[in-house]
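Its first residue numbered 499, the sequence shown is counted upward by one per residue in the numbering used here. Only one structure is covered here, and it is reproduced in the block below.
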Amino acid sequence: MIETQGLTHINLLVTDIGRAKTFYETVFGFEVMFWDGPGLVFLKPPGTNDTITLQEKPDAAGVTGNIDHFGFRLADKSQLDRAIEEVVKAGGALVERGEHEPGRAYAYVADPDGHVIEF
Numbered sequence: 499m500i501e502t503q504g505l506t507h508i509n510l511l512v513t514d515i516g517r518a519k520t521f522y523e524t525v526f527g528f529e530v531m532f533w534d535g536p537g538l539v540f541l542k543p544p545g546t547n548d549t550i551t552l553q554e555k556p557d558a559a560g561v562t563g564n565i566d567h568f569g570f571r572l573a574d575k576s577q578l579d580r581a582i583e584e585v586v587k588a589g590g591a592l593v594e595r596g597e598h599e600p601g602r603a604y605a606y607v608a609d610p611d612g613h614v615i616e617f
């Protein structure tokens, strides 16, 4: 077994780094950690060590590469409708919603580049 301290980051390929950065800042409150050249930015949610990198590659964005979706646990599960509204308002879309089991609601939404996010 290889010991780790968890994930370092999730790298998302995007068509427009500015648009993608604005989406994650607006919807999730992500903050810029640092820019690594013009086509790569590291972001994180406030108060966490979680990291998403956005890499501008217009020809490759939107190809799943065997990653179906990633998830965020809402701090308040009763805010699912509001979370969906924020995504849509920021240029994303609702993909699907339902219940995994009675009382365990979920929603799949997509960012402007089609990356699917589960709440």
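Using N, Cα and C, we set each Cβ at its ideal position, and we do this for glycine too.
Boundaries of the alpha helix (DSSP H) around Glu584: 578-587. Of all C-beta pairs linking the region 548-555 to the region 507-516, three or more are shorter than 8 Å, placing the two stretches in contact.
Proximity of the region 518-528 to the region 582-597 meets the contact definition, three or more beta-carbon pairs being nearer than 8 Å.
The beta-bridge partner set that DSSP reports for Arg517 is empty. Taking C-beta atoms as the reference points, Ala518 and Asp579 fail to come closer than 8 Å.
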